[in-house]
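Student: Sequence lines, in order, name chains A and B.
Just so it is clear: in the first sequence, position 88 is 980 by my numbering, and no numbers are missing.
Just so it is clear: in the second sequence, position 110 is 107 by my numbering, and no numbers are missing.
The beta carbon of each residue, even a glycine, is placed where N, CA and C say it ideally should be.
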Amino acid sequence: GENVEQHPSTLSVQEGDSAVIKCTYSDSASNYFPWYKQELGKRPQLIIDIRSNVGEKKDQRIAVTLNKTAKHFSLHITETQPEDSAVYFCAASNSSGYALNFGKGTSLLVTP
Amino acid sequence: NAGVTQTPKFQVLKTGQSMTLQCAQDMNHNSMYWYRQDPGMGLRLIYYSASEGTTDKGEVPNGYNVSRLNKREFSLRLESAAPSQTSVYFCASSMDRAALYEQFFGPGTRLTVL
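The following block contains the structure:
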């Protein structure tokens, strides 16, 4: 499948700090970029998404930015809290539009 | 609404045994998906069904078969299980194309092949 690279694989921040996770994709046809959060032992759940006609989207403490020219997008979490600790996955729609390619995930730990 | 449900939650198989993982959704979604999740590998698409009556291969289809039984149900079958198929399997569904609609995931099936 088309590659979605995600960095870093692990991230540790102090409560109240910001966290940034970055992803790059290779398929020029990708036009939908969701972010999923997976708590330990639970199912992935969508937290925010962005489409190719938008450069930035914000929802309270989380925001996503997209640079289509450079083929990269990022998740920003501000004022982190311990409950933000989880694995975060980025994804990009494939060329058919009927499937998503996921990054390998970032394990975020927020320490009090 | 139960959303996306999967059975069983846990399963242990011996090499060579077969089994079917069941998935059902009650959201009237057209598209359904099967993923496997391995440590450090993220979510990899095995098969998907864009609509009732259609199925397509994903990134890692070898060793698996699927059946879209009706609009609600999408099953994954392992004909001859191998230790490399030890994984957590997630089913997901979306209203329609993944590029347009959110995917909702089931709770997962943890499969161990000895």
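Drop a sphere of 10 angstroms on the beta-carbon of V1 (chain B), count the other beta-carbons inside from all chains shown, and report buried for 16 or more, exposed for fewer.
Tutor: By one-based count along the second sequence, residue 1 (chain B) stands at place 4. Flag for V1 (chain B) reads buried.
Student: For Q34 (chain B), which of B:V110, B:A95, B:T83 and B:E49 has the nearest alpha-carbon?
Tutor: Residue numbering aside, residue 34 (chain B) sits at position 37 when the second sequence is read from its first letter. Looking at the Cα atoms, B:T83 is the closest of the given residues.
Student: Considering only the beta carbon of each residue, do C982 (chain A) and Q930 (chain A) sit closer than 9 angstroms?
Tutor: Residue 982 (chain A) sits at position 90 when you count from the first residue of the first sequence. Residue 930 (chain A) sits at position 38 when you count from the first residue of the first sequence. Cβ atoms of C982 (chain A) and Q930 (chain A): not closer than 9 angstroms.
Student: Taking the C-alpha atoms as reference points, what is the distance between E76 (chain B) and T972 (chain A)?
Tutor: Taking the second sequence and counting its residues from 1, the one referred to as residue 76 (chain B) is at position 79. Taking the first sequence and counting its residues from 1, the one referred to as residue 972 (chain A) is at position 80. About 45 angstroms.
Student: On a CA-only basis, which of B:A47, B:Y61 and B:R74 is nearest A95 (chain B)? Give me that one, please.
Tutor: Translated into the one-based positions of the second sequence, residue 95 (chain B) becomes position 98. Residue B:A47 is the option with its Cα nearest to A95 (chain B).
Student: Looking at the secondary structure, which residues open and close the beta strand (DSSP E) in which D941 (chain A) lies?
Tutor: Within the first sequence, the letter at position 49 stands for residue 941 (chain A). Looking at the DSSP string, the run of the beta strand (DSSP E) that includes D941 (chain A) is Q937 to R943.
Student: I believe T998 (chain A) touches P900 (chain A) by the beta-carbon criterion, under 8 angstroms. Please report the beta-carbon distance rounded to the nearest angstrom.
Tutor: In the first sequence, the residue the question calls residue 998 (chain A) occupies position 106. In the first sequence, the residue the question calls residue 900 (chain A) occupies position 8. With 8 angstroms as the limit, T998 (chain A) and P900 (chain A) qualify as a contact, their Cβ atoms being about 6 angstroms apart.
Student: Are I942 (chain A) and K949 (chain A) closer than 9 angstroms when you measure CB to CB?
Tutor: If you number the first sequence from 1, residue 942 (chain A) lands on position 50. If you number the first sequence from 1, residue 949 (chain A) lands on position 57. In contact: I942 (chain A) and K949 (chain A) (Cβ atoms closer than 9 angstroms).
Student: Have a look at Y980 (chain A) and T970 (chain A) and give me their C-alpha separation to the nearest angstrom.
Tutor: Counting from 1 along the first sequence, the entry for residue 980 (chain A) is found at position 88. Counting from 1 along the first sequence, the entry for residue 970 (chain A) is found at position 78. If you take the alpha carbons of Y980 (chain A) and T970 (chain A), they lie about 15 angstroms apart.
Student: Could you please tell me which residues of the region 4 to 15 of chain B, in chain order, have their CB closer than 8 angstroms to any CB of chain A?
Tutor: Listed by position, the residues of the region 4 to 15 of chain B near chain A (Cβ gap below 8 angstroms) amount to none.
Student: Would you report the Cα separation of G893 (chain A) and Q906 (chain A), rounded to the nearest angstrom?
Tutor: For this step, residue 893 (chain A) is matched to residue 1 along the first sequence. For this step, residue 906 (chain A) is matched to residue 14 along the first sequence. At G893 (chain A) the pLDDT is 47, less than 50, meaning the model places this residue with poor confidence; the figure from the coordinates comes in the next sentence. Cα-Cα distance, rounded: 36 angstroms.
Student: Going by the DSSP bridge assignment, what does Q1085 (chain A) pair with across the sheet?
Tutor: Nothing in the structure corresponds to residue 1085 (chain A), since chain A is present only between 893 and 1004.
Student: State the start and end residues of the unbroken beta strand (DSSP E) segment that holds T51 (chain B).
Tutor: Locating residue 51 (chain B) in the second sequence gives position 54, counting from the first residue. Careful: T51 (chain B) lies outside any beta strand (DSSP E) and carries neither H nor E.
Student: For M38 (chain B), report the span of its beta strand (DSSP E) as first-last.
Tutor: Taking the first residue of the second sequence as 1, we reach residue 38 (chain B) at position 41. Neither: M38 (chain B) is in no beta strand (DSSP E) and is coded neither H nor E.
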